[in-house]
Amino acid sequence: MATYKEGDALQKAYLEAASIMKHRAKSFHEAFKHLPRDRYLGVCALYAFNREADDLADDEKRGLSLQEKEEGLDALEERLQAFYGRGSIPTQRVPTYWPALEDTLARFQVPITPLLSQLEGQRSDLYQREMETFSDLLLYSRQVAGSVGLMLLPLLVKEQSLLKDQAFLKAAEDLGVAMQLTNILRDIGEDLRERQRLYLPKDSLAAHGLSMDTLVTLSKTPGEKVEEAIPEHFKALFDTLHEEARKRYRAFWPFLKYVHESARMPLLSAAHLYEAIGDVAKAAQYNVFTKRNYTDAWTRGKLLLKASVLSKDLTS
107 MATYKEGDAL
117 QKAYLEAASI
127 MKHRAKSFHE
137 AFKHLPRDRY
147 LGVCALYAFN
157 READDLADDE
167 KRGLSLQEKE
177 EGLDALEERL
187 QAFYGRGSIP
197 TQRVPTYWPA
207 LEDTLARFQV
217 PITPLLSQLE
227 GQRSDLYQRE
237 METFSDLLLY
247 SRQVAGSVGL
257 MLLPLLVKEQ
267 SLLKDQAFLK
277 AAEDLGVAMQ
287 LTNILRDIGE
297 DLRERQRLYL
307 PKDSLAAHGL
317 SMDTLVTLSK
327 TPGEKVEEAI
337 PEHFKALFDT
347 LHEEARKRYR
357 AFWPFLKYVH
367 ESARMPLLSA
377 AHLYEAIGDV
387 AKAAQYNVFT
397 KRNYTDAWTR
407 GKLLLKASVL
417 SKDLTS
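Numbering follows the numbering used here, in which position 18 of the sequence shown is assigned residue number 124; successive positions increment by one, without gaps.
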């Protein structure tokens with residue numbers, strides 16, 4: 107990592123990216139803060155890009171029109187295309203974190219494909235396309251989260267030659283998909299109330315005898331009454347999707363030996379912390395409608411210790 111002078115624009119960009127990840131993704135930050143500083147800051151820069159793309163598509167607090175959101179995502183793509191030598195430099199103001207992103211992309215030779223996939227997934231969110239099938243949900247999850255796994259790999263891999271292993275790439279993409287499935291399950295109520303959005307596939311809802319109207323009602327049911335009203339069919343659907351996520355978390359473990367020693371514990375930590383969110387929701391009587399489920403400090407400490415032990419076992 108270069109040594110930056112005080113007040114240097116690149117240093118400021120990395121500090122901004124680190125602040126974004128620290129305040130917007132506590133579990134993610136808790137896991138990756140243990141990386142060597144150059145890799146940690148690179149993860150922060152990539153997170154800042156993904157956060158901005160997601161906020162453009164999803165954050166109603168900005169009060170942006172559909173056209174402004176489209177233009178914002180287009181501007182991100184234009185900047186990327188220009189950086190990779192595929193287009194002219196756009197005239198729009200550059201986000202504070204952007205120099206850190208470009209430095210990270212160049213330093214770790216991150217390909218453009220997963221970044222463009224991320225933007226495509228966020229564009230689908232703009233139009234709130236319904237998930238007709240589980241395959242649709244997987245495609246969306248690959249775009250907005252599997253892409254994150256792929257763009258992080260160059261920062262986490264032990265040897266660059268391993269990036270040619272297609273099974274390794276798929277496992278990394280599926281790890282991102284697993285995290286997205288967990289996020290979707292955790293945020294069902296919030297998405298319904300704040301965005302009138304449901305990511306659960308329609309065929310899965312129908313197979314479990316559920317309707318969107320039922321879930322909307324649950325998301326607006328006050329207090330403890332909601333936990334009494336959650337139907338067994340929903341719990342079964344939750345369990346099915348949670349297991350789909352879990353098997354993708356576990357499928358990555360054989361490839362941990364491909365990951366740089368310094369990144370094994372952070373990656374294990376992130377996966378353990380995210381996987382545990384689904385278990386926390388189940389322990390809360392499946393209340394993902396009015397309650398924000400997260401791991402408490404004791405659970406996080408236990409999972410971080412588990413990740414530390416497993417990563418040391420791999421290294422020894």
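Ideal Cβ positions, reconstructed from N, Cα and C, are used throughout, including at glycine. Since the structure is predicted, the reported quantities are computational estimates derived from the model, not experimental observations.
Query	Result
VAL254: CB within 8 Å of a non-hydrogen atom of the ligand COA	The ligand COA is not among the ligands present in this structure, which contains no ligands whatsoever.
Beta-carbon gap between GLY252 and GLN286 smaller than 9 Å	yes
Complete runs of the beta strand (DSSP E) confined to the region 131–213 [at least 3 residues]	none
SER247 versus ASN399 - alpha carbon distance	20 Å
Spatial neighbours of ILE218 in its chain, beta-carbon cut-off 7 Å, leaving aside the 5 residues before and after	LEU186 and TYR190
Helix, strand or coil at VAL254 according to DSSP, with G and I counted as helix	helix
Closest residue to LYS264 among ALA369, ASP242, SER223 and ILE290 (Cα-Cα distance)	ALA369
Neighbourhood of TYR120 by C-beta, 6 Å cutoff - its chain only, sequence neighbours within 5 removed	LEU147 and ALA206
With 16 other Cβ atoms within 10 Å as the buried cut-off, status of ILE195	exposed
Cα-Cα separation, TYR110 to LYS118	Its pLDDT being 42, under 50, TYR110 is placed unreliably by the model, and the measurement read from it follows with that caveat. If I take the Cα positions, the gap works out to 9 Å.
The region 264–273 / the region 320–331 touching (three or more Cβ pairs under 8 Å)	no
Bounding residues of the alpha helix (DSSP H) (the contiguous stretch that carries ALA387)	367–389
Inter-residue Cα distance where the pair is CYS150 and GLU367	19 Å
Cβ-Cβ separation, ASP209 to LEU116 (assumed contact under 8 Å), whole Å	6 Å
Between the CA atoms of LYS139 and MET107 - distance to the nearest angstrom	Note that MET107 scores a pLDDT of 37, beneath 50, so its modelled location is shaky and nothing firm can be said.
Distance between beta carbons of PHE361 and ALA277, contact taken as under 8 Å	5 Å
Nearest residue (CA-CA) to LYS175, options LEU281, SER230 and GLU300	SER230
Contacting residues, own chain, Cβ-Cβ under 8 Å from ARG157 (five flanking each side not counted)	ILE126, MET127, ARG130 and ALA131
Under the three-state DSSP convention, the category VAL283 falls into	helix
Pairwise C-alpha distance: THR202 and ALA309	The identity of residue 309 in the sequence shown is Asp, whereas the question assumes Ala. Their backbone Cα atoms lie some 43 Å apart in a straight line.
Among ALA389, ALA390, VAL386 and LEU141, the one whose alpha carbon lies nearest that of LEU261	LEU141
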